[in-house]
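Written below as structure tokens is the structure these notes are about.
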Amino acid sequence: MSSIIGDAASSIDGSFDWFIFRNVGPSSQSDSIRPLAVVPQVAKSAGPAAYQECIEGIAKTNERVVASLAIQNLPKCHPEVFEGDATLFHPWKKSFNAMIHDANLNPNQEMAYLRNYTKGKVRELVDNYRKRQQSDPVITLRDLWTEMGS
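Numbers in the numbering used here are just positions in the sequence shown, counted from 1, shifted up by 123.
Shown next as structure tokens:
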């Protein structure tokens, strides 16, 4: 059986308090704690406009959390390993970019992923670009993509 517990926190300016309720499952493992609801308790001095702003902020945050959770629950798509077939490059590139889209990778990390999803002469090309010591890795990555697509 699960129970509900709550934590309280104040906003930075002290105009309202938040009570965060959690649903705690039967085990004491941390993964059994899930956010259930966030309820603002607006101080009397804040007024109805601040309360409405708070509710709208919660609604927007809730929409972003729900969208993020929906994406996380999808199975992770991985592109096939690209071997250099020019007819498959553009579909492979779209699949690769879809995989890394939300990861906020720097150019060196993206090149490491490129190495993992290529083989043969294409991997050799990626390795050659990874070995280059240029001052701007963004340009190096752009040049690599250009050469891979040609």
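The C-beta atom is built at its ideal place from N, Cα and C for all residues, glycine as well.
Since the structure is predicted, the reported quantities are computational estimates derived from the model, not experimental observations.
Residue 226: not part of any alpha helix (DSSP H); DSSP gives it neither H nor E.
Measuring C-alpha to C-alpha distances from residue 234 to each of 221, 227 and 250 identifies 250 as the nearest. Of 266, 193, 214 and 178, the smallest CA-CA separation from residue 201 is found for 214. With a beta-carbon spacing of about 5 Å, residue 243 and residue 206 fall inside the 8 Å limit used to define contacts.
Nearest neighbour of residue 245 by Cα position, chosen from 209, 194, 189 and 257, turns out to be 209. Counting along the chain, the unbroken alpha helix (DSSP H) around residue 272 starts and ends at 260-272.
Separation of residue 230 and residue 184 (C-alpha to C-alpha, rounded to the nearest whole angstrom) is 30 Å.
Apart from the 5 residues on each side of it in sequence, residue 189 has no Cβ closer than 6 Å to any other Cβ in its chain. If you draw a straight line from the Cα of residue 195 to the Cα of residue 240, it comes to about 22 Å. Inter-residue distance for residue 204 and residue 221 is about 14 Å (C-alpha atoms, whole angstroms). When 219, 260, 182 and 211 are compared, the shortest CA-CA separation from residue 199 is found for 219. With a threshold of 16 other beta carbon atoms within 10 Å, residue 237 meets it and is buried.
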